[in-house]
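Heads up, the thing below is written out as structure tokens.
Numbering (my numbering), first residue to last: 387 to 704.
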């Protein structure tokens, strides 16, 4: 894992150096995602990186959209290199569509210059592409680059039920462009930096929280859940369980089976009612607009298989 991470970081630095030379808006890289949180299940063949400029922290602020919790306009308060992407309405708002499209263009030119053959596509807030691997077990490594605008204020729609240490890490804005009829001028409020800090210390008491998340991720992949379900949905269930039950005794190894049952049953219940509240923005439904019919069937079948033949599913290495 360390060898792959070092190699990937070096290749991404090569790509982002080319991007920075073309446009100095992109002047820093920071690792994000399951590789940083130690939540990988299979091979280390997927990595997330965030690009941001520390100088923007006070120059671009957010104005939340009350009807869409967890989303906001990025409003210009000072001169930045993003001024050219301003919208006329709302006044001073930065257009996420143009920013993401420009970043995609920069990535395409960078990988071409490095002679990396790959498709470069927009996926949610990310620019997605592949780089060649040096590992025999997997030939390609999937990369997500996300444009991120750091913020110093705490969103009004966000929970206050987290520690001051986590809250101090702060949020950011990412260009997860919504589809019409939703407002395509909005940016998503990202709590990814806080999640990394949270999961870094989540099992400091010797608990099994990460182990549970890995088991659920493994089962999601092994039983081929539909793409409407993401590992992030599972993570939100676990974060809420952890908040509701912070006591050490609740998360001991001897409680692995009951905690697993609680985890999967809570997830199935959320699927059936079509509502999974975001841990950080409880009024935001992470299942909003998703067809969950196949997902419910898959999870119900998984539960039934576990009851009748658990050894056929559970991974020996987690």
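Don't be surprised by glycine CBs; every beta carbon is placed ideally from N, CA and C. Keep in mind it's a predicted model, so treat the numbers as computed, not measured.
Looking at 499, 509, 597, the one whose alpha-carbon comes closest to that of residue 487 is 509.
A distance below 6 Å between beta-carbons, with the five flanking residues on each side excluded, links residue 445 to the following residues of its chain, in chain order: 463, 464, 466. Secondary structure note for residue 683: it is in no beta strand (DSSP E), and the uninterrupted alpha helix (DSSP H) holding it is 679-694. In the three-state scheme derived from DSSP, where H, G and I count as helix and E and B as strand, residue 422 is classed as helix. Annotated as distal: residue 455 and residue 609, with beta-carbon spacing of 8 Å or more.
Assignment of beta-bridge partners to residue 458 by DSSP yields 450, 573.
DSSP places residue 496 in the helix class (H, G or I) of the three-state scheme. In this structure the stretch 645-663 does not lie against the stretch 433-441, because fewer than three pairs of beta carbons, one per stretch, are closer than 8 Å. Contact between the stretch 570-581 and the stretch 488-497 is absent: fewer than three C-beta pairs spanning the two stretches fall below 8 Å.
Residue pairing of residue 432 in beta bridges, as defined by DSSP: 528.
Closest by C-alpha distance to residue 556, out of 581, 516, 450, is 581. The beta carbons of residue 575 and residue 673 sit no closer together than 8 Å.
One Cα belongs to residue 401, the other to residue 500, and the distance between them is close to 8 Å.
A straight-line Cα-Cα distance of about 24 Å links residue 540 and residue 469. In this structure, DSSP gives residue 535 an extended state, which the three-state scheme calls strand. Residue 624 sits in a helix when the DSSP states are folded into three classes. When secondary structure is reduced to three states using DSSP, residue 515 falls in the strand class. Here residue 516 really is in contact with residue 529; their C-beta atoms are around 7 Å apart, less than 8 Å. The straight-line gap separating the alpha-carbon atoms of residue 422 and residue 432 is approximately 11 Å. Annotation for residue 650: the continuous alpha helix (DSSP H) segment containing it runs 642-659.
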